[in-house]
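**Q** Sending over a structure as C-alpha cells; questions will come in a sec.
Number of protein chains: 2
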Amino acid sequence: MDITVAVDAMGGDHGTHVTVPAVLKFLKAHPEANVVLVGLKDALEAELRARHAVTGPRLRIHHATEVVMMDESPQSALKNKKDSSMRVAINLVKTGEAHACVSAGNTGALMATARFVLKTLPGIERPAIAKLLPSMRGSTCVLDLGANVDCTPQQLLQFGIMGATLVSALNHQPNPSVGLLNIGSEEIKGNDVVKQTADLLRNSQLNFHGNVEGNDIYRGVVDVVVCDGFMGNIALKASEGIAKMLGQFLKEEFTKSWWRKLLALVAYPVLSSLKHRVDPRRYNGASLLGLRGIVVKSHGGADELAFYYALEQAAEEAKSGVLHKISDMMANAVVPTPQEKSVEPQ
Amino acid sequence: MDITVAVDAMGGDHGTHVTVPAVLKFLKAHPEANVVLVGLKDALEAELRARHAVTGPRLRIHHATEVVMMDESPQSALKNKKDSSMRVAINLVKTGEAHACVSAGNTGALMATARFVLKTLPGIERPAIAKLLPSMRGSTCVLDLGANVDCTPQQLLQFGIMGATLVSALNHQPNPSVGLLNIGSEEIKGNDVVKQTADLLRNSQLNFHGNVEGNDIYRGVVDVVVCDGFMGNIALKASEGIAKMLGQFLKEEFTKSWWRKLLALVAYPVLSSLKHRVDPRRYNGASLLGLRGIVVKSHGGADELAFYYALEQAAEEAKSGVLHKISDMMANAVVPTPQEKSVEPQ
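Sequence order for the protein chains is A and B.
The numbering used here numbers the first residue of the first sequence as 781 and each following residue consecutively.
The numbering used here numbers the first residue of the second sequence as 781 and each following residue consecutively.
Here you go:
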C-alpha cells in the first residue's frame, strides 16, 4: 500500500534543517512512501538544493505562507494562521491528499488545529496524546500524555479503547491488556474519577488488568496505561528527567580520570548499545488519537533521526488502518453509565 | 544534643531481621543517639542475641504485643491494634520519651495512626509525605508523595511552607526556592487547583519560583517541589520504574558475552561508584510532615543499609528542630485567600 505523509516542514525548533533531511532518509528507507513537504516554498527548495535533492513524484512541495511559532497560543494559531504549514498539512489529511501528517510544532496549537480541522471520531469526546514508551518487556502505550488536564471516567474509557486499538493494530496483538494509572494497585485507592473509571473499564469489552502504578509503565505489566493528561505528562517528564540525570552521571563517572576515559573507549560497544536501546529518539512520535485523521506529533527539539522515527510512526499507523479500527471499536463499544454521576462531562 | 529514636522494630517486609542490625549500625555511627526498639520482646531479644548485642542505656526494648500487617487497612490498624509496635513507637514521641520515630510499616496505617496520636501542627490541615530526591544539583524535596489524593490550594501552600522549612533546616539554606508541579511552565497551564495554588504561593512569604515540570525535579531547578499526593506518587513511582529498567539494561549489556563480563570486572570501580551515587537506599526515609512530632517512613522493602539511612533522616530532623521551625513559619505565615472560591477545603 502506497502511503502519503504530509509534513509540517517548518515546525519544531530547527524547522527545515531537520525535517527535510529526515524526509529524504525516510523516502530512501521506505520505497512505498510519498511525502508532501508543507511550508515556505523558497526555504524548502533551498534546503533541498543544499542536500542535492529534487522534488519528483514521491516528494512534492506544498506552499504555505505562514508558520506557527513554538510559543504561540493555540487560539492565535487557530485564528490568525489559516495558511500555516501546520494547518495546511492537516488540511491535506482532511481532503484525503495525505494519509497522515507529522509536525514538530507546538503541541497546543497542533492539537487545537487538528481537532478543529479534522473533528473527533464518532463516540470520542476528546482526542488524547498517546505514545509507546520502552519497557522491560517491549513497550507500553501510555495515554493521555498532556492534551486533557481534567477527564471524566467516560473519556478515560474512550482513551482505553483508543490505546488498545492502537497497540492491537501496530503490534498485531489481538487483545492488549489495559491498566489504569493509580497510586496503588488496590481497588480502594485513588480519587473518585479513578474509581469510577475502573468500574467502567471493568464492565467494558477491554482486557482490563486493574490499577497499575507509575513503575508498572516500565515493568511492562500491561500493554496500555490509561490516565488523564496531567498525570501522564508528569509521569513522562519525571521519567525523562531521571533518565537524563542517570545518563549524565554515567558520563561523569566515565570521564573522571584519563584511566576511566580509556576504559570508556574500550567499553564503547557496550555503552553505545545501551545508548541505542534507551535512545529517546527511537521513541519519538506521539499519536493524536481520536481524530478523523492520523496526526503524529514529533518532539519540538527532535533531530533528524528522531523526526525520522516520527515519520515512520505516521506511516505505520496509516498502513495498519488504526483509524478505521478505532471507529469500529467505538461503534461496537459497550459504554456503560458510571454508577455515580458526580463528575459531569465537560 | 542527645537524640532518642523510637523504632517500630516489627514493621516492613523483613521486620526485626532488618531493623535490629540497622539500629546497631546506627548506634555505632552516632554516639549521641539512643534507640528504643518497640515490638515483641522475645523476638527482639532473640535478634539481639543472634547479633551478640545487648540492651543498655543507649538501647532499650519497649514491649508491644501487636504488629500491623503490611496490607492491613488504616482503619483496622487504628481500631484493632492499639498495642502495635507502630502505634507504641508513635506514642513514645507523643509522651516525649523519644524525639522521633521510624517505621517501615504500611504507609496508610502509619499516616492514620500518626495523625490520630500526634495531631497536626497549628495551621496545618493535613500532613504530607516529603522526600529528598537526588538531582543534578544535589537534592530536591518533593511533597506530597501520596498521603493526600486531592488537595485544596491552601493545603498545597501549607505543603510549600513545610517543604521549604524542612530543606532550610536540614541543608541550612536560608530561603529555599519552591516550585509548583505542573504540565508546563507557563502560568496559563494546569487545572484550577494548580492555578489558584500558584496565586497563593506568589503572594506568600515563600521564595516562589513558579511552575515546574516533572523533569525539573531531577534538573534541580528548585529546592522544593509542591504537588498533590496523586501526582507526587506517580512522579516518584514512574522515576523508580525507569531507573530500575535502565539499571537492568546496563546489567544486561555488561553480561551479554564473556568479553563484556570481563569488561564489567575491569570497569567495576566506575560502575560501583555510579551505583553508589544513585543508590535508592541512600534516599530512603520519607518525612511525615505537619504532625506534632517527627515520624519517618522507611520503604517497606528496605534492607539494613536503607533502614539505617531512614534512622539518620529521623535523627537529622530532630537535631535541626524542624518541628519548631514549621510551627514558627506557620504562626508567621501570611495565608492569603484564593481569588476564586470554586474549590472548597475538604
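Built from N, CA and C at the ideal position, the CB exists for glycine as well.
How about the region 882-899 of chain A and the region 1073-1083 of chain A: do they share at least three Cβ pairs that are nearer than 8 Å?
**A** The region 882-899 of chain A is in contact with the region 1073-1083 of chain A.
**Q** Could you list which residues in chain B have their beta carbon closer than 7 Å to that of S1078/A, in chain order?
**A** On the first sequence, residue 1078/A is found 298 positions in, with the first residue counted as 1. Neighbours of S1078/A on chain B: none; closest Cβ ~18 Å, over 7 Å.
**Q** Express the C-alpha separation of S1019/B and Y1088/B in angstroms, rounding to a whole number.
**A** Within the second sequence, numbered from 1, the residue matching residue 1088/B stands at position 308. Within the second sequence, numbered from 1, the residue matching residue 1019/B stands at position 239. Looking at the two C-alpha atoms, the distance is approximately 23 Å.
**Q** Is there a Cβ from chain B that is less than 8 Å from the Cβ of V1075/A?
**A** The residue you call residue 1075/A lines up with position 295 of the first sequence. No - not a single Cβ of chain B is within 8 Å of the one on V1075/A.
**Q** Suppose the cutoff is 8 Å on Cβ atoms and the five residues either side in sequence are ignored; what does the same chain contact list for L824/A look like?
**A** In the first sequence, counting from the first residue as 1, residue 824/A sits at position 44. Around L824/A: A789, T796, V800, L817, I841.
**Q** State whether the region 1039-1051 of chain A contacts the region 841-852 of chain A, with contact taken as three or more CB pairs (one from each stretch) at a distance under 8 Å.
**A** Contact between the region 1039-1051 of chain A and the region 841-852 of chain A is absent, because fewer than three Cβ pairs lie under 8 Å.
**Q** For P1125/B, which three-state DSSP category applies?
**A** Here residue 1125/B corresponds to residue number 345 of the second sequence, with the count starting at 1. Note that P1125/B scores 38 on pLDDT, short of 50, meaning its location in the model is unreliable; the coordinates nonetheless yield the value given after this. Here P1125/B sits in coil by DSSP.
**Q** Can you list, in chain order, the residues of its chain with a C-beta nearer than 6 Å to that of S919/A? Leave out the 5 residues immediately preceding and following it.
**A** Position 139 of the first sequence, counted from the start, is the residue given in the question as residue 919/A. Closer than 6 Å at Cβ, skipping near neighbours: L912.
**Q** Does DSSP put L925/B in a helix, a strand or coil?
**A** Stepping through the second sequence from its first residue, residue 925/B is reached at position 145. In the structure shown, L925/B sits in coil (DSSP, three-state: anything other than H, G, I, E or B).
**Q** For L898/A, I'd like the list of residues in its chain whose CB is within less than 7 Å of its CB, leaving aside the five on either flank, ordered along the chain.
**A** As a working mapping, residue 898/A is identified with position 118 in the first sequence. Around L898/A: I870, V873, K874, L1071, R1072, G1073.
**Q** Looking at L1016/B: is its Cβ nearer than 8 Å to the Cβ of L923/B?
**A** Your numbering for residue 1016/B matches position 236 in the second sequence. Your numbering for residue 923/B matches position 143 in the second sequence. Their beta carbons are not under 8 Å apart, which means L1016/B does not touch L923/B by this criterion.
**Q** In its own chain, which residues sit with a C-beta less than 6 Å from the C-beta of V868/B, not counting the 5 before and 5 after it?
**A** The residue given as residue 868/B occupies position 88 in the second sequence. Taken in chain order, the residues that qualify are V818, A844.
**Q** From P907/B to N955/A, what does the alpha carbon distance come to, in whole angstroms?
**A** Locating residue 907/B in the second sequence gives position 127, counting from the first residue. Locating residue 955/A in the first sequence gives position 175, counting from the first residue. If you take the alpha carbons of P907/B and N955/A, they lie about 42 Å apart.
**Q** As an exercise, report each continuous beta strand (DSSP E) stretch of at least 3 residues that is fully enclosed by the region 1066-1105 of chain A, in chain order.
**A** With a minimum length of 3 residues, the continuous beta strand (DSSP E) runs that stay inside the region 1066-1105 of chain A are 1066-1069, 1074-1077.
**Q** Please decide whether I997/A counts as near chain B, where near means a Cβ-Cβ distance under 8 Å.
**A** Along the first sequence, one-based indexing puts residue 997/A at 217. Yes, contact with chain B.
**Q** Along chain B, which residues have their Cβ under 9 Å away from the Cβ of D793/A?
**A** Residue mapping note: residue 793/A aligns to position 13 of the first sequence, counting from 1. Simply none; closest approach about 16 Å.
**Q** Taking any Cβ of chain A, which residues in the region 875-897 of chain B have a Cβ under 7 Å from it, in chain order?
**A** Against chain A - using a Cβ distance shorter than 7 Å - the region 875-897 of chain B contributes no residues.
**Q** Spell out whether any CB of chain D is found under 8 Å from the CB atom of M849/A.
**A** Among the protein chains in the structure shown, which are A and B, there is no chain D.
**Q** For N928/B and K969/A, what's the separation of their Cα atoms in angstroms?
**A** One-based indexing of the second sequence puts residue 928/B at position 148. One-based indexing of the first sequence puts residue 969/A at position 189. Roughly 11 Å between the two C-alpha positions.
**Q** Answer yes or no: do L1069/B and L946/B have a C-beta to C-beta separation smaller than 8 Å?
**A** Taking the second sequence and counting its residues from 1, one reaches residue 1069/B at position 289. Taking the second sequence and counting its residues from 1, one reaches residue 946/B at position 166. Yes.
**Q** Which of the three DSSP states, helix, strand or coil, is assigned to Y1063/B?
**A** Position 283 of the second sequence, counting from 1, holds the residue named residue 1063/B. Residue state, collapsed to three classes: helix.
**Q** Please decide whether I909/B counts as near chain A, where near means a Cβ-Cβ distance under 8 Å.
**A** Within the second sequence, residue 909/B is the residue found at index 129, counting from 1. So, not an interface residue.
**Q** For a contact defined as C-beta to C-beta under 7 Å, what are the partners of K1017/B on chain A?
**A** Position 237 of the second sequence, counting from 1, holds the residue named residue 1017/B. Under the 7 Å cutoff, chain A gives E993, G994, N995.
**Q** For G888/B, does the count of other Cβ atoms within 10 angstroms reach 16, so buried, or fall short, so exposed?
**A** Reading the second sequence from its first residue, position 108 is the one you call residue 888/B. Counting Cβ neighbours within 10 Å, G888/B comes out buried, since at least 16 surround it.
**Q** By the 9 Å beta-carbon criterion, what residues does the region 1036-1062 of chain A contribute toward chain B?
**A** Residues K1036, R1040, L1043, A1044, V1046, A1047, P1049, V1050, L1051, S1053, L1054, R1057, V1058.
**Q** Within 8 Å of any Cβ in chain B, is that where the Cβ of F1029/A sits?
**A** The residue given as residue 1029/A occupies position 249 in the first sequence. By this cut-off, F1029/A is an interface position.
**Q** Checking 8 Å against the spacing of the C-beta atoms, do G940/B and L981/B come in under that value?
**A** Position 160 of the second sequence holds residue 940/B. Position 201 of the second sequence holds residue 981/B. It is a contact, given that the beta carbons lie within the stated cut-off.
**Q** Got a sec? Which residues, its chain only, sit under 7 Å from M1109/A by beta carbon, not counting five neighbours each side?
**A** Looking up residue 1109/A in the first sequence gives position 329. Excluding positions up to five away in sequence, the list reads I941, T945.
**Q** Should M1011/B be flagged as near chain A, meaning a C-beta pair shorter than 8 Å?
**A** In the second sequence, counting from the first residue as 1, residue 1011/B sits at position 231. Yes, its Cβ sits closer than 8 Å to a Cβ of chain A.
**Q** Are any of the Cβ atoms in chain B nearer than 8 Å to that of M866/A?
**A** As a position in the first sequence, residue 866/A is number 86, starting the count at 1. By this cut-off, M866/A is not an interface position.
**Q** According to DSSP, is F1034/B helix, strand or coil?
**A** Translated into positions along the second sequence, residue 1034/B becomes position 254. DSSP places F1034/B in coil when its eight states are reduced to three.
**Q** Pick out whichever of T977/A, G1012/A, Y998/A has its Cα sitting closest to the Cα of V993/B.
**A** If you number the second sequence from 1, residue 993/B lands on position 213. First, the residue type needs correcting, since residue 993/B is Glu and not Val in the sequence shown. The option with the nearest alpha carbon to E993/B is G1012/A.
**Q** Report yes if the C-beta distance between V1058/B and F1029/A is below 8 Å; otherwise report no.
**A** Here the question's residue 1058/B lines up with position 278 in the second sequence. Here the question's residue 1029/A lines up with position 249 in the first sequence. In contact: V1058/B and F1029/A (Cβ atoms closer than 8 Å).
**Q** On the CB-based measure, 16 or more other CB atoms within 10 Å of its CB, does R917/A come out buried or exposed?
**A** One-based indexing of the first sequence puts residue 917/A at position 137. The residue is exposed, with fewer than 16 neighbouring Cβ atoms inside 10 Å.
**Q** Going straight from the alpha carbon of V1046/B to that of V785/B, what length do you get?
**A** If you number the second sequence from 1, residue 1046/B lands on position 266. If you number the second sequence from 1, residue 785/B lands on position 5. Going by the C-alpha atoms only, they are around 42 Å apart.
**Q** Starting from R829/B, trace the beta strand (DSSP E) both ways and give me its first and last residue.
**A** Translated into the one-based positions of the second sequence, residue 829/B becomes position 49. From DSSP, R829/B is part of no beta strand (DSSP E) but of the alpha helix (DSSP H) over 821-830.
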